[in-house]
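Asks: Each residue of the sequence shown is one higher than the one before, starting from 29 at the first, in the working numbering.
Input: one structure, supplied below.
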Amino acid sequence: MKAFLRSCKDSLKNIQHDSIHTICIGNQASDLDSIISSITYSYALSKKNNVKTLPIVNIPQDEYNLRTDATWFLEKFGVGVEDLIFYHQNPTLIQILEKLAQENTLRVVLTDHNKLAPEQEDLLGKFVYEIIDHHADEKHYTSIVTPEKRTIELIGSTCTLIAEKMSHDFLSKEREFCEALLGTILLDTVNLDPKFKKVTPKDETQAKRLANIISFSKKDQDELFEKLFFERFNVSKLSSQDLLRSDYKEWKMGSKNVGIATAKRSLEEWLEKDPNLVQSFKEFLEKRKLDILYVMCAYTDKDNQFKRELAIYSPDTTHLKKACYYLVQHCKDSLDLTPWSVCHLTNQHKEDQVPLVCSFFTQHNMASSRKIFAEVVRNMYDQNLLHL
C-alpha cells in the first residue's frame, strides 16, 4: 500500500497532461470509509486496467491527524501523512487537475458520496466518470455516468461495494488491501451487529469473504474492530484546538455568528488535561469571529455509560446569561440541562477557573445530538427569544 501511494504522490512531479488520469476521491468528511475506499479502488484500477490513478484525501493535510482511526489503521500498513495526496490547500494538485481538465484528460471517481461539494463542482463535476456509494442517491450526473458505472446502494459501508467489484484472485494477492477493506466494513457496521441496524446481508457476505482470504478468525475480527473503535474515539493525543475543530460547524443565526463543536471527552477530563480550557475556548471563538461557542461533550464514562455535557462560552456576558437561562428553563424536554456547581470540579480547580464568560452543564437527555441541539439553538436566535 505504501509503495503505491508513494508512487502516486511522486507522479505529481511529472504528470503527462495529454494522457488520461483518474482521480478517486471520497467525501469531505473523509472518514475511514472515504479514505480506504478511494485508496483501494484507485489501486485496483491501476492494476486491472493499467490506469493512471490518483487517490485523493478530501480534507486539508492539517486535519488528517483528527481522523484518529484512519491514522492508526494506515500506520499499521506503514502509511503516514507524507504518503497521501490531500485536496485542500494543495495548489500543486489543483493546477494539475485544472490542466487535465483543459486537456479533457481527467476522469473522476466518487467514493462514499454521489454529489461533489459545491466548491468542487466547477472543476470536477463534468468529469465524473464513476460513482461507488452507500448513501441515498441524489440523482446527480445521470447524463454523464452510465448505469454500469453507477453503484449506489443503501448498505453499511462503501468498502463492501469496493470489495464486491474485486476478484478472488486479485484480493488473494493483496493482503493489506483486504484487511483495510475488512476493518472498515467492521467499523462501519459496528462489527456486523444487527442490533445497530447498519449491517446488510451484502456487508456480511463481503466481510466473510475478505476474512476467509486473509485467514482472519472471529477473534481476529473482534480484535480489529475493537482496536479501530477505540482509536476512533481516542482523543488523548489531540490538543484542545484539535478537539474543537475535529467535529465543528458554524452558522449565522439571527444576527449572531454561532459555533457548535462536538468533542469526545468529558469536561472533567478536559479540564485536567488543559487547565486553561476557557482560554482555549476564547482563542477558538476569536479566530472564527464567533459571538458564542457551544461545545457538546459526548463520551463514555468509566462504567461504560454514555454521557453528554455542554459548555457555553461568550465574551458577551449578557448574551451568555440569556442563552443559559433559556436553554435550562425552556428546553427541559429537548435537553434537560443541569448547571454545574463548583463541587463538580476536582479539588485542583478553583471557582475562578470557570469565569462568568463560560458555563458548564450536564445534559440528561441523551438523545439530543448536535443536529437536534442546533435546531433548538437556531429557533432561539431566529425568533429572537433572547431579546438581544
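In this text, a Cβ means the ideal position worked out from N, Cα and C, and glycines have one as well.
Only a predicted model underlies this, so the values are computations on that prediction, with no experimental measurement involved.
In angstroms with no decimal places, state the Cα-to-Cα distance between Glu379 and Tyr322.
Replies: With a pLDDT of 45 at Glu379, under the threshold of 50, the modelled position of this residue cannot be trusted, and the question is left open.
Asks: Taking 7 Å as the line, does the beta carbon of Ala351 fall inside it for any heavy atom of the ligand GTP?
Replies: Looking for the ligand GTP in the displayed structure turns up nothing, as the structure carries no ligands at all.
Asks: Quick one: give me the first and last residue of the beta strand (DSSP E) that Asp161 is part of.
Replies: Start and end: Val156 to Asp161.
Asks: For Met281, list the residues DSSP reports as bridge partners.
Replies: Met281 pairs with Lys284.
Asks: For the alpha helix (DSSP H) containing Val356, list its first residue and its last residue.
Replies: Start and end: Thr345 to Gln357.
Asks: According to the neighbour-count rule (16 or more other Cβ atoms, all chains shown, within 10 Å of its Cβ), is Val370 buried or exposed?
Replies: For Val370, the predicted model reports a pLDDT of 48, less than 50, meaning its position is unreliable and no value from the coordinates is stated.
Asks: Using the Cβ count rule (16 or more neighbours within 10 Å means buried), how would you classify Val382?
Replies: Note that Val382 has pLDDT 47, beneath the 50 cutoff, so the model's placement of it is unreliable and no number is given.
Asks: Considering Tyr71, what are the terminal residues of the alpha helix (DSSP H) in which it resides?
Replies: Segment Leu60 to Lys76, the alpha helix (DSSP H) holding Tyr71.
Asks: If we ignore side chains and look at the alpha-carbon of each, how far apart do Ile172 and Glu166 end up?
Replies: Approximately 14 Å, taken between the alpha carbons.
Asks: For Ser2, which three-state DSSP category applies?
Replies: Outside the displayed span of the chain (29 to 416) sits residue 2, for which this structure offers no information.
Asks: Among Tyr71, Ala57 and Arg34, which one has its Cα closest to the Cα of Leu112?
Replies: Measuring from the Cα of Leu112, the nearest candidate turns out to be Arg34.
Asks: Return the chain-ordered list of same chain residues with a C-beta closer than 7 Å to the C-beta of Gln376, the five sequence neighbours on each side being excluded.
Replies: Any reading at Gln376 must be qualified, since the residue scores a pLDDT of 45, below 50, and its modelled position is unreliable; no value is offered.
Asks: Name the DSSP beta bridge partners of Lys80, please?
Replies: According to DSSP, which records beta bridges pairwise, Lys80 is partnered with His49.
Asks: Tell me the residue span of the beta strand (DSSP E) that contains Leu134.
Replies: Run containing Leu134: Leu134 to Thr139, per the beta strand (DSSP E) assignment.
Asks: In the DSSP assignment, find the beta strand (DSSP E) that holds Ile172 and state where it starts and stops.
Replies: That residue, Ile172, is in no beta strand (DSSP E); it is neither H nor E in DSSP.
Asks: Since Phe388 and Tyr341 should fall inside the 8 Å C-beta cutoff, what is the C-beta to C-beta distance between them, to a whole number of angstroms?
Replies: With 8 Å as the limit, Phe388 and Tyr341 do not qualify as a contact, their Cβ atoms being about 10 Å apart.
Asks: I need the boundaries of the beta strand (DSSP E) containing Ala326, first residue and last residue.
Replies: Here the beta strand (DSSP E) through Ala326 covers Ile320 to Thr328.
Asks: Along the chain, where does the alpha helix (DSSP H) that runs through Pro229 open and close?
Replies: Element bounds for Pro229: Pro229 to Ile241.
Asks: Looking at the strands, I want to know which residues DSSP matches up with Thr290.
Replies: Answer is Met324.
Asks: Which partner residues of Glu337 appear in the DSSP bridge assignment?
Replies: Beta-bridge pairing links Glu337 to Cys325 and Thr390.
Asks: Under the three-state reduction of DSSP, which class applies to Phe261: helix, strand or coil?
Replies: Here Phe261 sits in coil by DSSP.
Asks: Near Glu158, which residues of its chain fall below 6 Å by C-beta distance, leaving aside the five closest residues on each side in sequence?
Replies: Excluding sequence neighbours, Glu158 sits near Val137 and Lys177.
Asks: If you compare alpha carbons, which of Arg406, Asn142 and Asp331 is closest to Tyr354?
Replies: Checked all of Arg406, Asn142 and Asp331; the closest Cα to Tyr354 is Arg406.
Asks: Is there at least one Cβ from chain D nearer than 8 Å to Arg237's Cβ?
Replies: Absence of chain D from the displayed structure is noted, only one protein chain being present.
Asks: Taking the alpha carbon of Gly106 as the reference point, which residue from Ala31, Leu266, Gln391 and Ala235 has its own alpha carbon closest?
Replies: When each option's Cα is compared against that of Gly106, the closest is Ala31.
Asks: Per DSSP, what kind of secondary structure is Val85 in: helix, strand or coil?
Replies: In this structure, Val85 counts as strand in the three-state DSSP scheme.
Asks: Please work out which residues of its chain come closer than 7 Å, Cβ to Cβ, to Leu128, disregarding the five sequence neighbours upstream and downstream, and give them in chain order.
Replies: Closer than 7 Å at the Cβ level, and outside the excluded window around Leu128, lie His45, His49 and Leu134.
Asks: With respect to the alpha helix (DSSP H) encompassing Thr99, which residues constitute its N-terminal and C-terminal limits?
Replies: Per DSSP, Thr99 belongs to the alpha helix (DSSP H) from Thr96 to Lys104.
Asks: For a test of the three-state rule: what should DSSP assign to Tyr115, helix, strand or coil?
Replies: Here Tyr115 sits in coil by DSSP.
Asks: State the CB to CB distance for the pair Asp97 and Leu215, rounded to an integer number of angstroms; the pair is presumed to be in contact (CB under 8 Å).
Replies: That belief holds up - the Cβ atoms of Asp97 and Leu215 are roughly 7 Å apart, short of 8 Å.
Asks: Mind checking whether Phe114 and Val85 have CB atoms under 8 Å apart?
Replies: Their beta carbons are under 8 Å apart, which means Phe114 touches Val85 by this criterion.
Asks: With distance defined between alpha-carbon atoms, name the residue in Val306, Asp302, Leu94 and Glu278 nearest to Phe401.
Replies: Minimum Cα distance to Phe401 is reached at Glu278.
Asks: My assumption, with CB atoms under 8 Å, is that Ile288 sits in contact with Arg398. Please give the rounded CB distance.
Replies: About 6 Å separates the two Cβ atoms, so the contact holds.
Asks: Taking Cβ to Cβ, would you say Cys187 is nearer than 8 Å to Ser65?
Replies: In contact: Cys187 and Ser65 (Cβ atoms closer than 8 Å).
Asks: My assumption, with CB atoms under 8 Å, is that Trp368 sits in contact with Thr345. Please give the rounded CB distance.
Replies: With a Cβ gap of about 17 Å, Trp368 and Thr345 do not count as contacting.
Asks: Could you have a look at Pro303 and say whether DSSP puts it in helix, strand or coil?
Replies: Pro303: coil per DSSP, three-state reduction.
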